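The structure under discussion appears below in the form of structure tokens.
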Amino acid sequence: ESVLIYECCFRVLSTSEETKLICATLSTLLTVLKYIPSADFFKFSLLDLMMDNFPRKPCSNLVLQCLIEIVGLDFPKVNIVQLMHNLFLHELQIVLPLNMDIPLSYDIGSSETQAFIQNLAMFLISFYQCHLGVLEITAEAKTALITGLDYLIKISYVNDTEVKKQGCLLFWKYFVLELLEAHLNLDDSTEASNITAFEVNPLDMIDENVSQIKPRKELFAEIMSKLRMLLISCMVKPEDVLIVEDKNQMIDCEAMMDNDALLQDK
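1 is the number of the first residue of the sequence shown in UniProt numbering; add one for each residue after it.
Encoded structure:
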């Protein structure tokens, strides 16, 4: 039965030009993705068809919601993960150019636009938490990865507590910890190798250690610089002190905290 459902969705998405029918098909696909084996999904070229319909404005949010569900599937091959990511970033730059002011678009945009940016953040965060290492293998995948992280940096400036704290800032915490743990694990493995292999020149071990860390450090250097600026902008500002005079002509000081910023900082 699952094959028949996917076959029906494939036929509609590959032949129809009717926007309402395509949206209805994507809604159906979103419903069944949670319950149908991932192997059946990848038998058809549904991923490519979904990307083709992503630039259609009424379909964009539905495609994003489907992609969020697909992230959790078991991908049969590593190159499919890379292909999906590269293709998505290519289409995304058509729908939402990277040079656009995303926080402003969110503030003045419709509820549909805000939902799109929220879904975009959710998809990128879910994708990178599941497949970050796979995207650091090839040069093309690395370029797309940096572009995707740039989008997340911009979305992180959105003035919405749910988007900023519940999504983006939690991801950046995961991202930095992942890089740090990888660095520390590499140091531990080098130390263990030095203990067990006395015949190895220690200087060679150090050079090998540095050679493994340096490419990743260079890859994310610009992103980490932008992330530092983001975190500085999100820091709680010092409390404002107002000097007031009461009815008895007594001078008093009142402290005013930025509660929203304090909540995000926690």
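C-beta atoms are modelled at their ideal positions from N, C-alpha and C, and glycine is treated no differently. Being a predicted model, the structure only gives us computed values, none of them experimental.
Euclidean distance between Cα positions of residue i and residue j
i: Ser-27; j: Glu-181; result: 40 Å
i: Pro-215; j: Phe-127; result: 22 Å
i: Thr-113; j: Leu-67; result: 17 Å
i: Gln-249; j: Asn-119; result: 55 Å
i: Phe-175; j: Ala-221; result: 13 Å
i: Val-3; j: Leu-73; result: 16 Å
i: Leu-83; j: Glu-18; result: 27 Å
i: Cys-130; j: Lys-77; result: 14 Å
i: Ile-223; j: Ile-117; result: 20 Å
i: Asp-38; j: Glu-69; result: Correcting the residue identity first, residue 38 is Ser in this sequence and not Asp. So the alpha carbons of these two residues sit roughly 11 Å apart.
i: Thr-31; j: Leu-170; result: 28 Å
i: His-90; j: Leu-152; result: 15 Å
i: Gly-167; j: Met-122; result: 7 Å
i: Asp-252; j: Ser-111; result: 44 Å
i: Asn-61; j: Cys-23; result: 10 Å
i: Lys-226; j: Met-235; result: 15 Å
i: Gln-93; j: Leu-47; result: 18 Å
i: Ile-155; j: Ile-232; result: 16 Å
i: Ile-146; j: Met-51; result: 20 Å
i: Glu-7; j: Lys-34; result: 17 Å
i: Ala-115; j: Leu-230; result: 22 Å
i: Lys-20; j: Lys-217; result: 47 Å
i: Leu-29; j: Gln-65; result: 10 Å
i: Ile-5; j: Phe-42; result: 13 Å
Expected contact under 8 Å - CB spacing of residue i and residue j to nearest Å
i: Phe-44; j: Phe-10; result: 5 Å
i: Val-12; j: Pro-55; result: So it is not a contact: roughly 18 Å between Cβ atoms.
i: Val-63; j: Asn-79; result: 21 Å between Cβ atoms; not a contact.
Cβ-Cβ distance between residue i and residue j below 8 Å
i: Leu-141; j: Asn-86; result: Note that residue 141 is Ala in the sequence shown, not Leu. Result yes, Cβ atoms of Ala-141 and Asn-86 sit closer than 8 Å.
i: Ile-102; j: Val-158; result: yes
i: Leu-49; j: Ser-14; result: yes
i: Asp-150; j: Leu-219; result: no
i: Leu-124; j: Glu-178; result: no
i: Val-81; j: Val-134; result: yes
Segments assigned alpha helix (DSSP H), at least 4 residues, entirely inside the stretch 2-37:
Along the stretch 2-37, the alpha helix (DSSP H) occurs as fully enclosed runs of 4 or more residues at 2-15 and 19-32, listed in sequence order.
3-residue-minimum beta strand (DSSP E) runs that sit fully inside the stretch 154-183, ordered along the chain
Runs of the beta strand (DSSP E) lying entirely within the stretch 154-183, each at least 3 residues long, are absent.
Ranges of the alpha helix (DSSP H) found wholly within the stretch 80-159, counting only runs of at least 4:
Listed in chain order, the complete alpha helix (DSSP H) runs (minimum 4 residues) inside the stretch 80-159 are 102-108, 111-131 and 139-155.
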